[in-house]
Ligand SMILES: Nc1ncnc2c1ncn2[C@@H]1O[C@H](COP(=O)(O)OP(=O)(O)OP(=O)(O)O)[C@@H](O)[C@H]1O
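Numbering (the working numbering), first residue to last: 425 to 745.
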């Protein structure tokens, strides 16, 4: 499902805007990450996308058409995990999933298999008949996400889904979301933990204080900001004798060339140094020549690509500056 947001805005009190002037297109079948600090307007945007809250201004189009009033057909095509989803404490996972399957009109003959599939996928088979109130926080979260996927939505909206999940649960969620995209479902996911979205999203929208800061294809965004950031990792062999140049000498040469050393370590018999080189590739070529001339035994010198986190930090710095 393709989503178009045009000049979308929401004010809760008619005075302050939780989000305003949001223009965004999310291509069908992509995973779009919504990133922003607390209060940026992520949950508000997702609630409007899930059609559980009306925009104060602007419009949302789903596959090119705005929702109708109480659009049950559209809602059945959406799976939504909002913030604050109560479970029914006395209902077991199997009962809970069956109940929501019926609400979403999953055909009777498919429902039992769909429930079973979700219990297996979200590792809840052992707890299938236990009251939800007795589940751990992570299990409850898995059950809530399972509920959103049970009816095979065409649009999946997850507000901070990794909350409460342990590292294994987070990694499994990632795999499930990638599989969901393969089925052609559009996925929207919010988080303020950037590492969770790195390597998962193909689209990104960064919100700050109710405004869109940057949006688009993740690779393009990283590429755009990468141009201004040159970080290299050097692998250096130990010196051949006591007079030889080792990592200490390498550091001196790097600092002499105004490099900013970010980290260093030891790997596979080599010292590693990661450094930011001001001025880009020309400067790195000169610095490398100087290292070799100083007798430093450089084995490899490779550029370290930015991660989403670097881009986000860079954007925040720009705004503060
Ligand atoms: N139900 C509400 N009533 C009044 N104001 C609200 C309501 N929900 C959110 N807001 C306000 O709207 C703004 C955006 O909040 P929102 O929850 O959308 O941000 P968020 O990016 O999801 O934040 P978080 O990461 O903390 O969940 C905030 O100033 C918040 O106080």
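By construction, the Cβ of each residue, glycine as well, lies at the ideal position given by its N, Cα and C atoms.
Start and end residues, beta strand (DSSP E) containing residue i
| i | result |
| --- | --- |
| residue 603 | Not the beta strand (DSSP E): residue 603 falls in the alpha helix (DSSP H), residues 591 to 606. |
| residue 583 | 579 to 583 |
| residue 631 | 627 to 632 |
| residue 687 | 684 to 691 |
| residue 695 | 694 to 700 |
Option in the options with minimal Cα separation from residue i
| i | options | result |
| --- | --- | --- |
| residue 591 | 566, 558 and 704 | 566 |
| residue 674 | 593, 453 and 717 | 717 |
| residue 728 | 705, 720 and 710 | 705 |
| residue 517 | 574, 714 and 645 | 574 |
| residue 726 | 441, 470, 698 and 703 | 698 |
| residue 634 | 452, 462, 679 and 552 | 462 |
| residue 597 | 578, 608 and 625 | 625 |
| residue 582 | 610, 525, 431 and 702 | 610 |
| residue 690 | 658, 437, 612 and 530 | 658 |
| residue 503 | 534, 551, 604 and 667 | 604 |
| residue 580 | 485, 454 and 687 | 454 |
Residue i at chain B interface by Cβ criterion, 8 Å
| i | result |
| --- | --- |
| residue 569 | Looking at the structure shown, chain B is missing, and only one protein chain is on hand. |
Whole-angstrom distance between residue j and residue i, CA atom to CA atom
| i | j | result |
| --- | --- | --- |
| residue 696 | residue 642 | 28 Å |
| residue 520 | residue 557 | 12 Å |
| residue 671 | residue 682 | 16 Å |
| residue 656 | residue 569 | 40 Å |
| residue 541 | residue 615 | 26 Å |
| residue 439 | residue 630 | 23 Å |
| residue 744 | residue 468 | For residue 744, the predicted model reports a pLDDT of 44, less than 50, meaning its position is unreliable; a value from the coordinates is still stated below. Going from the Cα of residue 744 to the Cα of residue 468 covers about 24 Å. |
| residue 594 | residue 543 | 17 Å |
| residue 492 | residue 701 | 55 Å |
Same chain, Cβ closer than 8 Å to residue i, neighbours up to 5 away in sequence not counted
| i | result |
| --- | --- |
| residue 488 | 426 and 428 |
Proximal residues to residue i (C-beta, below 7 Å), its chain only, five neighbours per side dropped
| i | result |
| --- | --- |
| residue 735 | 645, 646 and 649 |
| residue 499 | 475 |
| residue 587 | 565 |
| residue 669 | 663, 718, 719 and 720 |
| residue 471 | 477 and 506 |
Limits of the unbroken alpha helix (DSSP H) element including residue i
| i | result |
| --- | --- |
| residue 569 | 561 to 573 |
| residue 671 | 671 to 680 |
Those runs of the alpha helix (DSSP H) which lie wholly inside the region 498 to 552 and span at least 4 residues
Listed in chain order, they are 517 to 527 and 532 to 545.
Hey, which unbroken runs of the alpha helix (DSSP H) at 4 residues or more fall wholly within the region 448 to 481?
The region 448 to 481 contains these whole alpha helix (DSSP H) runs: 466 to 473.
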